[in-house]
């Protein structure tokens, strides 16, 4: 019999009752160090008192209005994001996939408004993950997510990640945009070289194309700057954000320049819940914290310390860990053994982390972790690696005996 919840997830058999900072607690009182953070969502950890207060205050006033009326919290959030980024305007959504849908529509509408509706094709990259809608799985191009859903939505030309010659070869008269994650999360924690992003910006300028960035996972301080593209010294035309911007509450946004958004006039796009008062109150509270002076510098300092401990871990356990990769606090351990083995061993030691492509274990802690959490993570990872090595030795001994 089918379960009441559609069985599309392979859920871990754990039920958490509460969270505090970087820790989660089960009903039985078991404590887990959370380096999943809701898949890079809970940037300020669990139950951050400032976010709790903001949501609680708003909950006593207004929950939902729809976009038939002005929403002051959304106007304030938009003005703050405009002031802190390249953008002139934005559209609020509930998720990253919706933000990418808006970005795709916006790019196509831009060229249509310029009298070139045929320029609807978008160059994307192997290993990308842009969401689970029909358009975003077509953009991602992963056969695992496309299988069984009929013909892939047309309009996307995929090339190898980081291959500039392939990008140039893919540009044609119908190409209207390039879409890329500055750091691929699901794709194996792969960072695009900053020089490559600068080359993409130059190509877009040369060919009259739009540069669309997906910073759903790598944005909002995750790499040590507000948005990852800042490291490359470029600005996009359109950018999709979500996850961290809500700190755990469903919020997404599609940011754009005035020029890129020229086709998105009244009635061209909409959302019932996007920009609702609850979401806006939490997102404004997140900005209050992450835009405080020194916040990003602390993320970088934390990242440096964590990477040092991970490098030590790699040296101690070469049979388990092959490589440490990533940027800021979007880090990955490429493993020698199946990454699922390390994830299971970590869970047995009381630590949680998600997988990624290329046999990588992602480490996505809250951006607020301190030295105590880093040291605890090292101890748990060290024990998890030792647990795996013991199993490898046992397997070797059995093989010798046989």
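Numbering (the numbering used here), first residue to last: -16 to 385.
Built from N, CA and C at the ideal position, the CB exists for glycine as well.
- By the Cβ-count criterion, residue 373 is exposed, with fewer than 16 other Cβ atoms from all chains shown falling within 10 Å of its own Cβ.
- Burial of residue 165 is indicated by the presence of at least 16 other C-beta atoms within 10 angstroms of its C-beta.
- The segment 291 to 310 makes no contact with the segment 92 to 106: fewer than 3 CB pairs, one atom from each, lie closer than 8 Å.
- Counting along the chain, the unbroken alpha helix (DSSP H) around residue 128 starts and ends at 126 to 129.
- A residue is called buried when at least 16 other Cβ atoms come within 10 angstroms of its Cβ; residue 52 does not meet this threshold and is exposed.
- For residue 369 and residue 357, the gap between their C-alpha atoms comes out near 18 Å.
- Taking a C-beta distance under 7 Å as the contact criterion, residue 240 and residue 310 do not qualify as a contact pair.
- Annotation: the continuous alpha helix (DSSP H) that includes residue 324 extends over 322 to 331.
- As computed with DSSP, residue 214 is found in no beta bridge at all.
- When beta bridges are read from the DSSP output, residue 310 appears opposite 313.
- Separation of the CB atoms of residue 290 and residue 314 is rounded to 7 Å, and the pair is thereby assigned contact status at 8 Å.
- Residue pairing by DSSP places residue 237 opposite 74, 223 in a beta bridge.
- Residue 153 and residue 194 have their C-alpha atoms roughly 15 Å apart.
- Residue 48 and residue 327 have their alpha carbons spaced roughly 44 Å apart.
- Residue pairing by DSSP places residue 338 opposite 344 in a beta bridge.
- Between the C-alpha atoms of residue 135 and residue 339 there is a straight-line separation of about 23 Å.
- Cα atoms of residue 224 and residue 143: separation of roughly 23 Å, rounded to the nearest angstrom.
- Contact between the segment 111 to 120 and the segment 201 to 219 is absent, with fewer than three C-beta pairs closer than 8 Å.
- With contacts defined as CB atoms closer than 7 Å, residue 349 and residue 79 fail to qualify as a contacting pair.
- The alpha-carbon of residue 255 is positioned some 46 Å away from that of residue 320.
- Closest in C-alpha terms to residue 221, from the list -9, 123, 43, 69, comes 69.
- Take the alpha-carbon of residue 353 and the one of residue 333: they are about 18 Å apart.
- For residue 87, the closest C-alpha among the options 180, 186, 183, 105 is that of 105.
- In the three-state scheme derived from DSSP, where H, G and I count as helix and E and B as strand, residue 275 is classed as coil.
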